[in-house]
Amino acid sequence: MPSAGIAPRRAVQLAALFAMMVAFTAQLVGALLPVIPLFIAASVVNLGLDLVLQHKQPGLLAVLGRIRFDVTVRQLLRDMLILVGLLHIDGINPLEEQAPLTITLLLFYGTHFVCQAVAVLVRRTRSLPFVTRNIDASALRLCDAPPRILSRQTGRRLLRFSVPTTVGMMLTSITTDAYWGGIGLAVSLALSAGGTLYLSTWLLPKKRVASEKQALAWLDDWLAGYRPTVGMYFSGGSSSAYQANMWLSTLASLDGNPIIVLRERFMVQKIEATDVPIVCIPKVANLMRLEHSTLKVLLHPANSGKTSQILRIPSIKHAFTNHGESDKLSSCNPYAKAYDEVWVAGPAARDRYQLADIGVEDKDVIEVGRPQLAPIQPYAGAPAGRMTTVLYAPTWEGWDGNPGNTSVILAGENIVRELLADENVQLLYKPHPMTGSVDPRAGAANTRIQAMITEANTRRSGERPGPEAAAELARRTDELNALTTSAFRKSADELERMGLQGTPEEGRAAAVEAAVTAWEAAYWNSFPRWEHRIITTARPGIFSCFNQADVLISDVSSVVSDYLSSEKPYAVANTSGMSEDDFRANFPTVRAATILTPDAHEVAGLLDAVRNPERDTLAAERAELKEHLLGPSDPPSSVRFNQAALDLAAKADERRIRMENRLSGIPGQRSQEDVDASETAENEASGASDTTAAV
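Sequential numbering of the sequence shown, starting at 541, is according to my numbering.
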């Protein structure tokens, strides 16, 4: 992430911690001397600061928890200091007035801990061994979640319920009348006790969801009824969901009954709008239940540590589809040999695996094309109008620190500077979402590039779309959000979301596709062609940016392979330190590209070739390279992909038949049908024997 802003944020955090320590010290001094104004001010400020930090800086308070100074300890210390202060204030009788206050305060803390215990029990009863989406799970007796402040927000509950106590005690400090402290404590005690009782109702049978055993039995029944045949398996971090999302439409179009299998609970909400049933199964033991389902094929868009767990199921055939292809070594991971088949776009990837010599046999490499690329529009000639739209979409820095991974650090600012210097260029800057996540230099360069683009826009002017364009975009945004975004209460937990995200309405997928198309058109029409754009959000997607661009500038990445389906001109930045000849030899995807050196002086020639197609000497090579990278256009990729899935499913069926035949031919091994038939015969014989004996 960009380093700018880290130091100020840390300064604010340190200032907040210092202010809290000062407040505790002032509260202690005010209580012991006593200095009533200081005592009251410090007590109020101390509690107020903790309340604010609970909302604004929860991470900071988590650090205090790690040193055993959590919210319960802090609030207990504040209340003890208040009692000490009352002991030192003249006019308050410790035995007759303060003792009842102390006892009531202890009762308040008692109910707090009871509420905490009940909250733990409630959370356990509301945790199923799996999470679903796009599936009617009402049979699991799903119900709304309890308020978060009672079930999950322990710190906020204690602090908020303590406010009446602190207010009452402060009034007692001013008036020396214990009545006010008693009123405040009574209110806090009533809130805590009432909240505990209300939360306890989620333990009653009416609000209890299915047990783990019942839930797993329901899952088995659902799998038996739905009969999935092909699925996508995915596991990863929160920023990796795009790797699965790019395959959603392809999965939904396959013959059979598709399913999505996830491993992380949070990932259920990271998957974009789809009608495909989603099942998240975190535990390995429960995941193994898929072995007894009708699932035959699982597609894997990414490798993860948990992938090996699903590979243990021999009845399922596994195909590695990857989430994009490039010439980088990460596209030829040795882990790929763990799969039954490796599905690639075209001959280039097949050659790549064989050259890498990582144990993937050529017979297991299946060319299926890239069915997701269908929305990308083909090359239509020179730019129409005065402006040339350039898409600069650099990849991220990767895990290995190779300077050739991304152009952002060494060449990004030079590339952007050259583009901004041309008054007839519209720049679309779309950096990889993980830029700067490993190397702070990439994050810092990304920040500077965005600042350059923002500043360049201030020097441009011209006619802008009318207010109706912005209104249309807002309307289309609302329509798309209504279809793709689920609105949940703040207190909703995963079980409540499961209930709300049941079987989707018929035709929703088509409606979402139409809404996305309409939104993208409204987005591009909402600003003038002369204005540069910084695109760091998920929408518009990279394919939509491809369709707007006249030329792409990128790095060695899958972006280049995908863009080539349009056969438009493109350029690749060489920051590897290799010569141009070596660069082209090592990375076949750049064979039909203009190569940019770190100083980016080749940008002017690139723009000239884009604007004057007769000077474009790489057009024929792009057409050849497209087929080499993505395979033939006929039959279409979607057809080849679907056929590959059917063929792999047939292999799963063949294995099942072989295993059944093998078991039936081994002495002592019988199929379930044989066992059932034998038991039936034995029962009939037993019945006949009983009848004879009776006679």
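Think of the CB as a built atom: it goes at the ideal place given N, C-alpha and C, for glycine as much as any other residue. As the structure is a prediction and not an experimental result, all values here were calculated from the model.
Which of helix, strand or coil DSSP assigns to residue i
{"i": "Pro911", "result": "helix"}
{"i": "Ala1089", "result": "coil"}
{"i": "Lys1166", "result": "helix"}
{"i": "Ile1074", "result": "strand"}
{"i": "Phe860", "result": "strand"}
{"i": "Phe648", "result": "helix"}
{"i": "Phe774", "result": "strand"}
{"i": "Pro798", "result": "strand"}
{"i": "Trp936", "result": "coil"}
{"i": "Ser1094", "result": "strand"}
{"i": "Ala726", "result": "helix"}
{"i": "Arg673", "result": "strand"}
{"i": "Ile818", "result": "strand"}
{"i": "Ala556", "result": "helix"}
{"i": "Ile580", "result": "helix"}
{"i": "Val1113", "result": "With the sequence shown as reference, residue 1113 is identified as Ala, and Val is not the correct amino acid for it. Three-state DSSP puts Ala1113 in a strand."}
{"i": "Arg549", "result": "helix"}
{"i": "Ala1022", "result": "helix"}
{"i": "Thr716", "result": "coil"}
{"i": "Tyr969", "result": "strand"}
{"i": "Thr1291", "result": "With the chain covering only 541 through 1235, there is no way to say anything about residue 1291."}
{"i": "Trp1059", "result": "helix"}
{"i": "Thr1134", "result": "strand"}
{"i": "Val575", "result": "coil"}
{"i": "His840", "result": "strand"}
{"i": "Glu881", "result": "strand"}
{"i": "Ile607", "result": "coil"}
{"i": "Leu699", "result": "helix"}
Assigned exposure category for residue i - 16 Cβ within 10 Å defines buried
{"i": "Tyr719", "result": "exposed"}
{"i": "Glu958", "result": "buried"}
{"i": "Ser678", "result": "exposed"}
{"i": "Ala652", "result": "What sits at residue 652 in the sequence shown is His, not Ala. Flag for His652 reads buried."}
{"i": "Asn1114", "result": "buried"}
{"i": "Asp902", "result": "exposed"}
{"i": "Met1199", "result": "exposed"}
{"i": "Asn1248", "result": "The question about residue 1248 has no answer here: the residues shown for the chain are numbered 541 through 1235."}
{"i": "Val613", "result": "exposed"}
{"i": "Gln917", "result": "exposed"}
{"i": "Lys1276", "result": "No answer is possible for residue 1276: the residues shown for the chain start at 541 and end at 1235."}
{"i": "Glu697", "result": "The sequence given here has Arg at residue 697, not Glu. Label assigned to Arg697: buried."}
{"i": "Lys1166", "result": "buried"}
{"i": "Asp832", "result": "For the record, residue 832 in the displayed sequence is His; it is not Asp. Exposed: under 16 other Cβ atoms inside 10 Å."}
{"i": "Ile821", "result": "buried"}
{"i": "Pro895", "result": "Sequence check: residue 895 is Leu here, not Pro. It is exposed - the Cβ of Leu895 has fewer than 16 other Cβ atoms within 10 Å."}
{"i": "Val552", "result": "exposed"}
{"i": "Pro911", "result": "buried"}
Beta-carbon proximity check, residue i vs residue j, cutoff 8 Å
{"i": "Gly909", "j": "Ser1177", "result": "yes"}
{"i": "Pro841", "j": "Asn797", "result": "no"}
{"i": "Ala792", "j": "Val816", "result": "yes"}
{"i": "Val569", "j": "Leu578", "result": "yes"}
{"i": "Gln812", "j": "Asn785", "result": "Position check: residue 812 holds Glu in this sequence, whereas Gln was assumed. Yes. Within cutoff."}
{"i": "Pro1068", "j": "Pro1005", "result": "yes"}
{"i": "Ser1097", "j": "Ala885", "result": "no"}
{"i": "Gln849", "j": "Val882", "result": "no"}
{"i": "Trp762", "j": "Met772", "result": "no"}
{"i": "Ala563", "j": "Val585", "result": "yes"}
{"i": "Arg1239", "j": "Leu759", "result": "Only positions 541 to 1235 of the chain appear in the structure, and residue 1239 is not among them; the question remains open."}
For residue j and residue i, believed in contact at Cβ under 8 Å, the rounded distance
{"i": "Leu1170", "j": "Leu1104", "result": "7 Å"}
{"i": "Ser855", "j": "Ala1192", "result": "7 Å"}
{"i": "Val801", "j": "Leu744", "result": "Not a contact, Cβ separation roughly 34 Å."}
{"i": "Val654", "j": "Thr736", "result": "5 Å"}
{"i": "Gly880", "j": "His858", "result": "Residue identity differs from the one stated: residue 880 is Asp in this sequence, not Gly. Yes, Asp880 and His858 are in contact; Cβ-Cβ is about 5 Å, under 8 Å."}
{"i": "Ala566", "j": "Ala582", "result": "4 Å"}
Pairing CB atoms from the stretch 1101 to 1116 with CB atoms from the stretch 1039 to 1047, are three or more of them under 8 Å? no
Are three or more beta carbon pairs between the stretch 1129 to 1136 and the stretch 1068 to 1076 nearer than 8 Å? no
Do three or more CB pairs link the stretch 1052 to 1065 to the stretch 1007 to 1018 at distances below 8 Å? They touch, by the three-pair rule.
Does the stretch 745 to 759 come into contact with the stretch 679 to 690, if we say contact requires no fewer than three beta-carbon pairs (one atom in each stretch) closer than 8 Å? yes
Are at least three pairs of beta-carbons, each pair with one atom in the stretch 870 to 877 and one in the stretch 1171 to 1189, less than 8 Å apart? no
If we count Cβ pairs, one from each stretch, closer than 8 Å, do we get three or more for the stretch 682 to 694 versus the stretch 703 to 714? no
Could you tell me whether the stretch 926 to 945 touches the stretch 1086 to 1093, using the rule of 3 or more Cβ pairs below 8 Å? Three or more beta-carbon pairs separated by less than 8 Å link the stretch 926 to 945 to the stretch 1086 to 1093, which places the two stretches in contact.
Is the stretch 959 to 973 close to the stretch 931 to 951, with three or more CB pairs under 8 Å? yes
Validate contact between the stretch 628 to 646 and the stretch 593 to 603 using beta carbons, cut 8 Å, 3 pairs: no
Check whether the stretch 971 to 982 touches the stretch 936 to 945, taking contact to mean three or more Cβ pairs, one atom from each stretch, closer than 8 Å. Counting C-beta pairs closer than 8 Å gives three or more between the stretch 971 to 982 and the stretch 936 to 945, which meets the contact rule.
Please determine if the stretch 979 to 995 and the stretch 947 to 956 are in contact, where contact requires at least 3 C-beta pairs separated by less than 8 Å. The stretch 979 to 995, when compared against the stretch 947 to 956, does touch it at the 8 Å Cβ threshold.
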